[in-house]
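Engineer: Questions regarding the structure given below will be posed in turn.
In my numbering, the protein residues as written are 83 to 595.
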């Protein structure tokens, strides 16, 4: 293919962009940039009954958030404007009429009641898939069965009609898919799809083929759900005389539920507690809020990396890729044919890895935001030491506050399970003596704190590890965390001793009850 590479992401503004749709957009973007081409955003809003206010803006925001830079689109403009199909309405009719005039399409005047009656007759005859096709059209009201003068009279009178594609009765339609190889469908399995609706708007099938041709699209990467429609689109390119300009197709495998049983849906996210949308979405009609990856604390780079691996692999052991590295490594040929399970644990793993890549200064801004919200003041040098200590334990920016809350406020409660298992008489003895020994410690540094604790335990003839968890409980209120002696150094001598003595008093009373 010698034409300049152009791809398009063409969503419908019927609600929030699903994470699977974002993956489709990402694959289009990676391919375009790998081949030195351009990416177009086209809004396919021909179904005005399903239009949702704010959906187009949401789509653009989601693409921008993960780093997709559009070359052309409704906001960006470009040589193929307009980029909303509702604004391109006038141009589609001429192509529908070309198909009618050349015998590849026809007018159909059937009412909804007549269509329902046709389907019921077919069901009664035990036809498994009732449809308007090369056989049933012969019994319906259309320009193939009505006299020419009646057809003209109906149109002139303003009678409602649709334009349907005339599918050949016996023809094999072939399509070479970049992922699946050759796909062959017999035309007898296809129905005569509507190309122009009675309201004068084109259907998806006509509009997307016309726009892809006019916008000089070279590659169409879209979801597997569009594969059954692909033979129809191949016929449209053929009948319109555009076969030499037909783009290369790639139909992506489905994004599956975590258990692999069916397509991932919003309900799955609601039930299992993970987002399925890029950013938060508030339904303009109901006010219902759906959480997004961004607001859950995911970094855009992590989501990009995660999405890239949902169906594609680089053929190497490398898992962490910048956008530029993904562009360099990406090939359609390495996209799998089978569906991919949505693994939220893996998404969190990617986010943890990208958190670790952040500088301590950046990580400090996350913690400082939470401290400011809680009206807690901490000097930056101490804050940097805190994030350095905690960063191995965090997945999301808010985790610095969650994991390190005890660094800024004394325990209000103690983990009861740890207390019942580890808060022994032996532990109380060691911790009591350790508290006294800390009074004399100067400087109050982690290395000296550790040495003092070990000496105190040995003097009491107790192995340090046997009472270490009880010591952590006394200082933090919980049974696990980062380096405990460094935690005590950050708290300072006075605060550490206060916490030890407080725990000795409270937990002794609790144990005696």
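Backbone N, C-alpha and C define an ideal beta-carbon position, used for all residues, glycine too.
1) Would you check if the distance between the CB atom of residue 32 and the CB atom of residue 477 is smaller than 8 Å?
2) Counting Cβ pairs closer than 8 Å, one from the stretch 459–477 and one from the stretch 492–503, do we hit at least three?
3) Is residue 272 close to the ligand ATP? I mean its beta-carbon at under 7 Å from any heavy atom of the ligand.
4) Is it buried or exposed for residue 114, if we count other Cβ within 10 angstroms and need 16 for buried?
5) How is the alpha helix (DSSP H) around residue 537 delimited, first residue to last?
6) Using three-state DSSP, classify residue 273 as helix, strand or coil.
7) Assign residue 381 to one of three DSSP states: helix, strand, or coil.
8) When the Cα atoms are used, what is the spatial distance from residue 269 to residue 248?
9) I need the DSSP call for residue 517, collapsed to helix, strand or coil.
10) Can at least three beta-carbon pairs, one atom from the stretch 514–529 and one from the stretch 571–588, be found at a separation below 8 Å?
11) Would you check if the stretch 92–106 and the stretch 120–130 touch, i.e. whether three or more CB-CB distances between them fall below 8 Å?
12) On the three-state DSSP scale, how would you describe residue 280?
13) What alpha helix (DSSP H) runs, 4 residues minimum, are completely inside the stretch 329–411?
14) Between which two residues does the beta strand (DSSP E) holding residue 162 run?
15) Is the beta carbon of residue 331 closer than 8 Å to that of residue 388?
16) Could you give the residue range of the beta strand (DSSP E) that holds residue 122?
17) Below 6 Å CB to CB, which residues in the same chain sit around residue 508 once its five sequence neighbours on both sides are set aside?
18) Would the beta-carbon of residue 488 fall within 8 Å of that of residue 558?
19) Quick one: grab the DSSP three-state call for residue 593.
20) Going by the CB atoms, is the gap between residue 303 and residue 109 shorter than 8 Å?
21) What does DSSP give as the partner residues of residue 303 in its beta bridges?
22) Do you know offhand how far residue 210's Cα is from residue 196's?
23) Taking the continuous beta strand (DSSP E) assigned at residue 416, which residues delimit it?
24) Whole angstroms are fine: how far does the CA of residue 333 sit from the CA of residue 267?
25) So the beta strand (DSSP E) residue 182 belongs to, where does it begin and stop?
26) From residue 275 to residue 452, what does the alpha carbon distance come to, in whole angstroms?
27) Suppose the cutoff is 8 Å on Cβ atoms and the five residues either side in sequence are ignored; what does the same chain contact list for residue 595 look like?
28) Can you grab the Cα-Cα spacing for the pair residue 164 / residue 289, in whole Å?
29) How big is the Cα-Cα spacing for residue 592 and residue 560?
30) So residue 144 packs on residue 360, CB below 8 Å; how close in whole Å?
31) Using the C-alpha atoms, what's the distance from residue 220 back to residue 242?
32) Grab me the residues of residue 364's own chain with a C-beta within less than 6 Å of its C-beta, minus the 5 sequence neighbours each way, in chain order.
33) Using 8 Å as the threshold, is the C-beta distance between residue 321 and residue 186 below it?
34) Using only alpha-carbon positions, find the residue among 401, 103, 579 that is nearest to residue 492.
35) Who pairs with residue 244 in a beta bridge, going by DSSP?
36) Starting from residue 234, trace the alpha helix (DSSP H) both ways and give me its first and last residue.
Structural biologist: In short, the structure shows the following:
1) Summary: the structure shown does not reach residue 32, with the chain confined to residues 83 through 595, and so no result is reported for it.
2) Not touching, per the Cβ criterion.
3) Inclusion of the ligand ATP in the displayed structure is not the case, the ligand content being empty and no account of it being possible.
4) Counting from 1 along the chain shown, the entry for residue 114 is found at position 32. The Cβ neighbour count for residue 114, taken over all protein chains shown within 10 Å, is at least 16; the residue is labelled buried.
5) On the chain shown, residue 537 is found 455 positions in, with the first residue counted as 1. Where residue 537 is concerned, the enclosing alpha helix (DSSP H) stretches over 528–541.
6) Position 191 of the chain shown, counted from the start, is the residue given in the question as residue 273. When secondary structure is reduced to three states using DSSP, residue 273 falls in the coil class, being assigned neither helix nor strand.
7) Position 299 of the chain shown, counted from the start, is the residue given in the question as residue 381. Residue 381 sits in coil when the DSSP states are folded into three classes, being neither helix nor strand.
8) Taking the first residue of the chain shown as 1, we reach residue 269 at position 187. Taking the first residue of the chain shown as 1, we reach residue 248 at position 166. Roughly 11 Å between the two C-alpha positions.
9) For this step, residue 517 is matched to residue 435 along the chain shown. The three-state secondary structure of residue 517, taken from DSSP, is helix.
10) With a cut-off of 8 Å, the stretch 571–588 and the stretch 514–529 count as touching, because enough Cβ pairs lie within range.
11) A contact exists between the stretch 120–130 and the stretch 92–106.
12) Counting from one through the chain shown, the residue named residue 280 turns up at place 198. When secondary structure is reduced to three states using DSSP, residue 280 falls in the coil class, being assigned neither helix nor strand.
13) Counting whole runs of 4 or more residues, the stretch 329–411 contains the alpha helix (DSSP H) stretches 348–354, 382–390, 405–411.
14) As a first step, residue 162 is located in the chain shown; it is residue number 80 there, counting from the start. No residue range can be given for residue 162, since it is assigned to no beta strand (DSSP E) and is classified by DSSP as neither H nor E.
15) Counting from 1 along the chain shown, the entry for residue 388 is found at position 306. Counting from 1 along the chain shown, the entry for residue 331 is found at position 249. No.
16) Within the chain shown, numbered from 1, the residue matching residue 122 stands at position 40. Per DSSP, residue 122 belongs to the beta strand (DSSP E) from 120–123.
17) As a position in the chain shown, residue 508 is number 426, starting the count at 1. So the list reads 544, once near-sequence residues are dropped.
18) Looking up residue 488 in the chain shown gives position 406. Looking up residue 558 in the chain shown gives position 476. With a cutoff of 8 Å on beta-carbon distance, residue 488 and residue 558 are scored as near each other.
19) On the chain shown, position 511 is the one that residue 593 refers to. Interpretation of residue 593 is limited by its pLDDT of 43, a score under 50 that renders its predicted location unreliable; the figure taken from the coordinates is listed afterwards. Here residue 593 carries a helix assignment [DSSP, helix/strand/coil].
20) Against the chain shown, residue 109 aligns to sequence position 27. Against the chain shown, residue 303 aligns to sequence position 221. Against a cut-off of 8 Å, the Cβ pair of residue 303 and residue 109 comes out as a contact.
21) Taking the first residue of the chain shown as 1, we reach residue 303 at position 221. Beta-bridge annotation (DSSP): residue 303 is paired with 332.
22) Counted from its first residue, the chain shown places residue 210 at position 128. Counted from its first residue, the chain shown places residue 196 at position 114. Going by the C-alpha atoms only, they are around 19 Å apart.
23) Within the chain shown, the letter at position 334 stands for residue 416. Membership of residue 416 in any beta strand (DSSP E) is not indicated, and neither H nor E is assigned to it by DSSP.
24) For the purposes of this step, residue 267 is taken as the residue at position 185 of the chain shown. For the purposes of this step, residue 333 is taken as the residue at position 251 of the chain shown. Distance between the alpha carbons of residue 267 and residue 333: 15 Å.
25) Your numbering for residue 182 matches position 100 in the chain shown. Careful: residue 182 lies outside any beta strand (DSSP E), inside the alpha helix (DSSP H) at 171–183.
26) As a first step, residue 275 must be located in the chain shown, where it is residue number 193. As a first step, residue 452 must be located in the chain shown, where it is residue number 370. One C-alpha to the other measures close to 56 Å.
27) Position 513 of the chain shown, counting from 1, holds the residue named residue 595. In this predicted model, residue 595 has a pLDDT of only 34, less than 50, meaning its place in the structure is not dependable enough to derive any value.
28) Here the question's residue 164 lines up with position 82 in the chain shown. Here the question's residue 289 lines up with position 207 in the chain shown. Going from the Cα of residue 164 to the Cα of residue 289 covers about 13 Å.
29) Translated into the one-based positions of the chain shown, residue 592 becomes position 510. Translated into the one-based positions of the chain shown, residue 560 becomes position 478. The pLDDT assigned to residue 592 is 47, lower than 50, so where the model puts this residue is not dependable, and the model offers no usable value.
30) Within the chain shown, the letter at position 62 stands for residue 144. Within the chain shown, the letter at position 278 stands for residue 360. Taking 8 Å as the upper bound for CB-CB distance, residue 144 and residue 360 are in contact here, some 4 Å apart.
31) Here residue 242 refers to the residue found at position 160 when the chain shown is read from its first residue. Here residue 220 refers to the residue found at position 138 when the chain shown is read from its first residue. Rounded to whole angstroms, residue 242 to residue 220 spans 19 Å at the Cα level.
32) Here residue 364 refers to the residue found at position 282 of the chain shown. The residues are 371.
33) If you number the chain shown from 1, residue 321 lands on position 239. If you number the chain shown from 1, residue 186 lands on position 104. Cβ atoms of residue 321 and residue 186: closer than 8 Å.
34) One-based indexing of the chain shown puts residue 492 at position 410. Of the listed residues, the one whose Cα sits closest to residue 492 is 579.
35) In the chain shown, counting from the first residue as 1, residue 244 sits at position 162. In DSSP, residue 244 forms a bridge with 190.
36) In the chain shown, residue 234 corresponds to position 152, counting from 1. 230–238 is the extent of the alpha helix (DSSP H) around residue 234.
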